[in-house]
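**Q** Read in order, the letters of the sequence shown correspond to residues 173 to 362 in the working numbering.
Glycine included, C-beta positions come from ideal geometry on N, C-alpha and C.
Treat the numbers as computed from the prediction; the structure is a model and nothing was measured.
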Amino acid sequence: DNNYFNDTYQGIPIGGYTQIVEKMLDHPQIDVKTGVDFFDNKEKYLKDYPRVIFTGMIDQYFNYQLGELEYRSLRFESEELSVDNYQGNAVVNYTDAETPFTRIIEHKHFQFGTQPVTYLTKEYPQEWHRGEEAYYPVNDRKNQELYNQYAALAQQDRHVIFGGRLGEYRYYNMDQVTADALAQAARELA
């Protein structure tokens with residue numbers, strides 16, 4: 173068995189995660205803002221909305237007042253290949269030190285595409301710097317201790333729910349972050 177995951181059930185929602193999240197948020201009492209920088213109007217949002225769900229970097233939320241947490245970022249390279257099938261799977265992970273990328277995504281296999289060409293995206297890990305997209309927390313003692321201090325600040329702000337990889341500074345797989353979000357929603361609605 174050379175599977176990366178050994179979960180009993182594996183898959184993605186029909187139509188992808190975007191569609192399922194859009195359906196979950198399609199409610200008259202949920203106001204979703206996209207394409208805006210939260211920090212450009214942070215005080216307004218916190219004043220105008222009784223509850224804010226924040227999934228960005230927790231240290232950035234607090235303006236790095238205790239110091240900067242470390243993150244890892246990614247660089248993506250995409251290409252079209254004139255073949256109907258490159259790797260036979262949607263995702264293949266590469267864990268050896270000699271391969272410069274961590275995975276190849278062949279997009280057509282998510283929806284069982286039969287196109288005569290295929291599109292690949294390779295993910296390359298890289299250091300994170302301010303202004304870049306953060307993807308993963310750096311899991312070591314120094315960062316965990318700093319995160320714990322930010323988490324204590326977050327506990328004092330009952331107006332904001334911090335969640336996700338960046339808001340909780342925790343590595344989550346999609347099933348784990350979904351379960352955590354559902355648990356947080358249940359606590360909020362109780």
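Short of 8 Å in beta carbon distance, which residues of its chain neighbour Gly-285, apart from the five on each side in sequence? Order them along the chain.
**A** Start at 1 with the first residue of the sequence shown, and residue 285 comes out as number 113. Once the five neighbours on either side are set aside, the close Cβ partners of Gly-285 are His-279.
**Q** Strictly by DSSP, which residues pair up with Phe-226?
**A** On the sequence shown, position 54 is the one that residue 226 refers to. Phe-226 pairs with Phe-334.
**Q** Alpha carbon to alpha carbon, how far is Lys-314 from His-301? Give it in angstroms, no decimals.
**A** Within the sequence shown, residue 301 is the residue found at index 129, counting from 1. Within the sequence shown, residue 314 is the residue found at index 142, counting from 1. Answer to the nearest angstrom: the Cα atoms are 18 Å apart.
**Q** Which residue marks the beginning of the beta strand (DSSP E) containing Asn-265, and which one marks its end?
**A** In the sequence shown, the residue the question calls residue 265 occupies position 93. Segment 263 to 265, the beta strand (DSSP E) holding Asn-265.
**Q** So is Tyr-236 buried or exposed if we call it buried at 16+ other beta carbons inside 10 Å?
**A** Taking the sequence shown and counting its residues from 1, one reaches residue 236 at position 64. Exposed.
**Q** For the candidate residues Gly-339, Glu-240, Gln-287 and Ala-323, whose alpha-carbon lies nearest to that of Val-255?
**A** Residue 255 sits at position 83 when you count from the first residue of the sequence shown. It is Gln-287.
**Q** From which residue to which residue does the alpha helix (DSSP H) around Arg-244 run?
**A** Here the question's residue 244 lines up with position 72 in the sequence shown. Here Arg-244 belongs to no alpha helix (DSSP H); instead the beta strand (DSSP E) covers 243 to 253.
**Q** Tell me the rounded alpha-carbon separation between Thr-293 and Ala-362.
**A** Translated into the one-based positions of the sequence shown, residue 293 becomes position 121. Translated into the one-based positions of the sequence shown, residue 362 becomes position 190. Spanning the two alpha carbons is a distance of roughly 42 Å.
**Q** Can you grab the Cα-Cα spacing for the pair Lys-214 / Gln-259, in whole Å?
**A** Locating residue 214 in the sequence shown gives position 42, where the first residue counts as 1. Locating residue 259 in the sequence shown gives position 87, where the first residue counts as 1. Near 44 Å, if we compare the C-alpha coordinates of Gln-259 and Lys-214.
**Q** Quick one: residues in its chain with C-beta nearer than 8 Å to the C-beta of Tyr-344, no 5 flanking neighbours on either side, listed in chain order?
**A** One-based indexing of the sequence shown puts residue 344 at position 172. The residues are Gly-336, Arg-337 and Asp-352.
**Q** Three or more C-beta pairs closer than 8 Å, one from the stretch 322 to 333 and one from the stretch 261 to 274: is that the case here?
**A** No, because fewer than three Cβ pairs between the stretch 322 to 333 and the stretch 261 to 274 fall closer than 8 Å, the two stretches do not touch.
**Q** Quick check on the DSSP output: what are the complete alpha helix (DSSP H) runs of length 4 or more inside the stretch 288 to 341, in order along the chain?
**A** The stretch 288 to 341 contains these whole alpha helix (DSSP H) runs: 313 to 328 and 336 to 339.
**Q** Under the three-state reduction of DSSP, which class applies to Ile-277: helix, strand or coil?
**A** On the sequence shown, position 105 is the one that residue 277 refers to. The answer is strand: DSSP assigns Ile-277 an E or B state.
**Q** Could you name the residues of the same chain whose beta carbon sits closer than 6 Å to that of Gly-136, not counting the 5 residues immediately before and after it, in chain order?
**A** Nothing about residue 136 can be read from this structure; the chain reaches only from 173 to 362.
**Q** Determine whether the beta carbon atoms of Leu-325 and Phe-234 lie at a separation below 9 Å.
**A** As a working note, residue 325 is residue 153 in the sequence shown. As a working note, residue 234 is residue 62 in the sequence shown. Yes, Cβ-Cβ distance for Leu-325 and Phe-234 is below 9 Å.
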